[in-house]
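Accompanying notes for the structure given below.
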DNA sequence: TTTTAATCGGATAAAAAATTCTGAAAATAA
DNA sequence: TTATTTTCAGAATTTTTTATCCGATTAAAA
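Chains as they are written, first to last, in my numbering: chain A, 2 to 149; chain B, 2 to 149.
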């Protein structure tokens, strides 16, 4: 089985959504995020570090340390997180895996798939984190009540 | 980076498209397919074996052996190959990786992504192999003229 | 009947992705 | 200043995916 985004990317998106939904906190510790999302602490830690290098979030070291968004939620788009972690390759590579798939040498589903891909890209580019606060809080609540 | 389908699935789709585009041949040898598509012979061989087990293609052993479609191209849909190899999980799992993503506990992008996913599924379910013959032949020609 | 050329099937190897470990560095609080 | 608690950085490990190898089986041709 395969997925659209790598696990790294999924976790990164979840973690950033979490931070956006908890803006009232100064910073959030990685173990708090990991527990809320039920994902490995050390792994999400690595992902958060790389998102910091990409300027999407920022960190504070030492006691009272943790992570927070580097910009206002309304200034962060989902596509930025995807680009930082998985890159944008998915939006210009052939869905059938053919090499050099382009308008000159299109694969059999080039046009139809291209349309869907463009819509997906558009959606991720238009949506900013501030739109998701309530839905994220709801979703996170459903995680902690259902598991383990 | 990630892709929609696994490499196995991509190769499987390519190989079946190749068989559909070469219906005039009784059977096609796996090394011919592998060379035409520029993919590892032993790997595509394994994939073809599994597609045979799923009843999508059939094989003939021994000298003059090879692979051919098990049904008419107009009776084979792209989604069948995807289902046989990667399964349909991608069409009902959460794009953000959240567990139990459903209408009761939707993730932040549940509705918008669900729409795209449904369109993708629909496209793969409607398209049958007979629609692709010319485009596949074109594409395969462009592979052998461009590489190595 | 023997040789040849193909798929089959199971094991193995290599590469990539996901995860964990370890210890250092930073910053607060005692 | 020292103890504590956090992120940071890089290495090591595990798991999954991708790819290869090899001997057996099958069937046509010599």
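Glycine is no exception: its CB is placed at the ideal position from the N, C-alpha and C atoms.
Fair warning: this is a prediction, and the values are worked out from it, not measured in the lab.
Give me the residue from 117/B, 92/B, 138/B with the minimum Cα distance to residue 20/B.
138/B
Does the beta carbon of residue 36/B sit closer than 8 Å to a beta carbon anywhere in chain A?
no
Rounded distance between the beta-carbons of residue 32/B and residue 74/B, thought under 8 Å
In fact, because the Cβ distance is near 23 Å, the residues do not count as touching under 8 Å.
Contact list for residue 133/A against chain B, beta-carbon separation under 7 Å
109
Taking any Cβ of chain B, which residues in the segment 95-108 of chain A have a Cβ under 9 Å from it, in chain order?
95, 96, 97, 98, 99, 100, 101, 102, 105, 106, 107, 108
Listed by chain order, chain B residues near residue 124/A by CB distance under 8 Å
110, 113, 114, 117
Using a Cβ-Cβ distance cut-off of 8 Å, determine whether residue 84/A contacts chain B.
no
Quick one: what's got a C-beta closer than 6 Å to residue 118/B's C-beta in the same chain, skipping five residues either side?
92
CB-CB under 6 Å to residue 66/B, same chain, minus the five flanking residues each way: which ones, in chain order?
none
As assigned by DSSP and simplified to three states, the class of residue 44/A:
helix
Going straight from the alpha carbon of residue 121/A to that of residue 100/A, what length do you get?
22 Å
Could you tell me if residue 149/A is buried or exposed, where buried requires 16 or more neighbouring beta carbons within 10 angstroms of its beta carbon?
Unreliable placement is indicated for residue 149/A, whose pLDDT of 42 sits below 50; the coordinate value is still reported in the next sentence. Answer is exposed; the Cβ neighbour count stays below 16.
Figure out for me which residue from 94/A, 12/A, 86/A, 70/A has the closest Cα to the Cα of residue 22/A.
70/A
Along chain B, which residues have their Cβ under 9 Å away from the Cβ of residue 136/A?
107, 108, 109, 110, 111
Please report whether the beta-carbon of residue 4/B lies at a distance below 8 Å from any beta-carbon of chain A.
yes
Closer than 7 Å between beta carbons: that is the criterion. Which residues of the segment 18-50 of chain B meet it against chain A?
18
What would DSSP say about residue 66/A, mapped onto helix, strand or coil?
coil
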